[in-house]
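The structure appears below as structure tokens.
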Amino acid sequence: MYNFELTREFARNLDKEDRLAKFKERFYINEGEIYMDGNSCGLCSKDAEETLFKALKAWKELGIGIWTKGGYFLYQDTLGALMAPLLNAEPEEVTCGNSTTVNVHQGILTFYHPTPERNKIVMDDISFPSDKYAVISDIRAAGYNPDECLKEVKSRDGEFIYEDDIIEAMTDDVCIVLLPSVLYRSAQLVDMERITKEAHKRGIYVGFDLCHSIGVVPHDFKKIDPDFALWCDYKYLSGGPGAIAGLYINKKHFNMKPGLAGWQGNRKDTQFNLYQSFEHAKYAGGWQIGTQPILSMAPLEGSLNMINEAGLENIRAKSLNITAYLMYLIDEKLAKYGFGVGNPREDAVRGGHIALTHDDALRINEAFKANKIIPDFRYPNVIRLAPAPLYNSYEDVYEMVERIIKIMENKEYENYENQNREGLTNNI
Ligand SMILES: Cc1ncc(COP(=O)(O)O)c(C=O)c1O
3 MYNFELTREF ARNLDKEDRL AKFKERFYIN EGEIYMDGNS CGLCSKDAEE TLFKALKAWK
63 ELGIGIWTKG GYFLYQDTLG ALMAPLLNAE PEEVTCGNST TVNVHQGILT FYHPTPERNK
123 IVMDDISFPS DKYAVISDIR AAGYNPDECL KEVKSRDGEF IYEDDIIEAM TDDVCIVLLP
183 SVLYRSAQLV DMERITKEAH KRGIYVGFDL CHSIGVVPHD FKKIDPDFAL WCDYKYLSGG
243 PGAIAGLYIN KKHFNMKPGL AGWQGNRKDT QFNLYQSFEH AKYAGGWQIG TQPILSMAPL
303 EGSLNMINEA GLENIRAKSL NITAYLMYLI DEKLAKYGFG VGNPREDAVR GGHIALTHDD
363 ALRINEAFKA NKIIPDFRYP NVIRLAPAPL YNSYEDVYEM VERIIKIMEN KEYENYENQN
423 REGLTNNI
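Taking my numbering, the leading residue of the sequence shown gets 3, the next gets one more, and so forth.
See the structure below:
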């Protein structure tokens with residue numbers, strides 16, 4: 003049970019008791035700005051900057067020697083080992099490479115072996131669409147018809163996934179279920195263990211997109227036991243815009259052939275023999291494709307070290323508390339202006355952000371930005387707010403709500419147009 007109070011002093015006291023408060027000074031934060039977009043592009047930390055500069059220095063001083071003398075040839079393994087505790091996975095089951103969408107292709111093409119009897123992939127109809135675009139093209143590449151083989155489970159309300167409906171869709175003709183861990187709009191945390199258990203009973207593989215949970219919600223992959231998972235490293239992990247993505251392959255599948263092969267996935271001891279036949283390394287690193295972009299990986303090292311130092315359990319505890327505090331302030335102070343909470347309320351089924359809803363959300367979002375609140379708009383009525391446990395304080399949340407009250411009282415949002423959907427690229 004949470005017990006909150008309405009005053010600024012109460013927020014300050016929560017900050018005083020916050021064991022993670024000290025991490026804030028390790029981030030670059032613009033004066034006066036309240037950054038609530040850590041679920042889209044996490045802020046830059048001094049730790050991330052330091053490991054990026056270290057890699058740059060190695061390149062400057064060593065040229066091609068960066069790979070061997072510099073120690074960067076197996077950097078993906080180093081970063082994989084740093085990410086493994088976030089999933090409670092073995093270090094050799096985790097690697098980083100490519101973008102998230104490419105890793106969706108990698109997962110699907112590895113596990114999709116359609117036959118005339120069994121050729122369907124189950125997805126929901128409300129998660130981030132890039133995954134679906136990838137799956138449709140993969141079904142086509144396998145010579146099947148996406149209109150027949152993509153089995154989309156409709157959300158009952160357009161906001162949440164109902165696990166019973168997903169399980170009902172697990173018929174004998176299904177090969178794979180691909181779902182998000184946390185939904186990008188409504189922040190629902192899906193019951194991954196139940197889904198995986200039910201799928202495996204029916205001989206179906208399961209993959210998860212962890213973009214909206216990695217680094218803020220701990221996962222126990224030893225218990226959940228999915229077949230593959232992928233995620234981006236630029237949200238809660240603060241790996242930098244467009245940072246390299248993550249990939250998990252369950253060790254029981256290390257003998258499977260990677261769907262997308264390349265020389266960086268070859269056995270390391272024979273890679274430079276450059277044989278014409280590919281022999282993939284029997285660990286997640288075997289799912290590497292081309293040369294690792296070291297400068298898109300290096301900030302992640304500093305960031306992951308900091309997250310592991312802070313402890314993911316502590317991060318989750320603060321995330322739940324600070325988002326519960328935000329919901330309390332929404333109910334108590336903002337509901338009267340037409341705001342609502344669009345995410346689940348119970349801790350067990352919610353991720354790291356709050357879905358603030360309003361019929362006029364688009365132009366209110368513009369007024370937020372003019373008042374130095376950095377939000378994240380999702381069409382048509384959701385403003386996502388993610389207080390990041392490592393760099394947002396309780397007073398940030400309090401101050402943000404005070405600014406929102408001012409915006410609503412002054413009707414400042416009326417200065418902005420309710421643009422149509424096409425004009426939204428500045429709201430990414
Ligand atoms: C849930 C989810 N999946 C996939 C993607 C696509 O990631 P990328 O552009 O890195 O391929 C995103 C991007 O925000 C996302 O939020």
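Yeah, the Cβ is synthetic: ideal placement off N, Cα and C, and Gly gets one too. Values in this document were obtained by computation on a predicted structure and should not be read as measured data.
Proximity of the stretch 402 to 418 to the stretch 43 to 53 falls short of the contact definition, fewer than three beta-carbon pairs being nearer than 8 Å.
In the pairwise beta carbon analysis, the stretch 382 to 393 is classified as touching the stretch 312 to 329: at least three pairs are separated by under 8 Å.
For M125, the pairing in a beta bridge is given by DSSP as E154. Distances from the CB of T103 to the heavy atoms of ligand 1 include at least one below 6 Å.
Across the set D398, C98, V351, A312, the C-alpha of D398 shows the shortest separation from the C-alpha of E11. For A231, the enclosing beta strand (DSSP E) starts and ends at 230 to 233. Secondary-structure assignment with DSSP links F379 through a beta bridge to I385. By the Cβ neighbour-count rule, E150 is exposed, with fewer than 16 other Cβ atoms within 10 Å of its own. Remark: C-beta atoms of F256 and K284 approach each other more closely than 7 Å.
Here the alpha carbons of Q190 and D227 stand approximately 20 Å from one another.
G65 sits in a helix when the DSSP states are folded into three classes. Classified as exposed, P131 has fewer than 16 neighbouring CB atoms from the shown chains inside 10 Å of its CB. For T97, the uninterrupted beta strand (DSSP E) run begins and ends at 96 to 98, by DSSP.
Taking 7 Å as the cut-off, the Cβ atoms of L314 and L88 count as close. One Cα belongs to M194, the other to I163, and the distance between them is close to 11 Å. Under the three-state reduction of DSSP output, F341 falls in the coil class, being neither helix nor strand. Within the same chain, Cβ atoms closer than 6 Å to the Cβ of Y74 are found at I68, I296, the five residues on either side in sequence being excluded.
DSSP lists F29 as the beta-bridge partner residues of S47.
The beta carbon of F280 is closer than 8 Å to those of A263, W265, G267, N268 in its chain, skipping five residues each way along the sequence.
Within 10 angstroms of the beta-carbon of K338 lie fewer than 16 other beta-carbons, which makes it exposed.
The criterion of a C-beta distance shorter than 7 Å is satisfied by V208 and A201. For P148, the secondary structure class from DSSP, reduced to helix, strand or coil, is helix.
Ligand 1 has no heavy atom closer than 6 Å to the beta-carbon of D79. Taken through DSSP and simplified to helix, strand or coil, F210 comes out as strand. For the set E414, A369, M410, N323, the Cα lying nearest the Cα of F6 is the one of N323.
Between ligand 1 and the CB of Y250, the shortest heavy atom gap is not smaller than 6 Å. CA-CA distance, K237 to D49, rounds to 16 Å.
For the pair T103 and Q78, the CB atoms are not nearer than the 7 Å cut-off. Bounds of the beta strand (DSSP E) holding L358 are 356 to 359. In the DSSP assignment, the residues bridged to I36 are I375.
Look at C98: its beta carbon is at least 6 Å from all of the heavy atoms in ligand 1.
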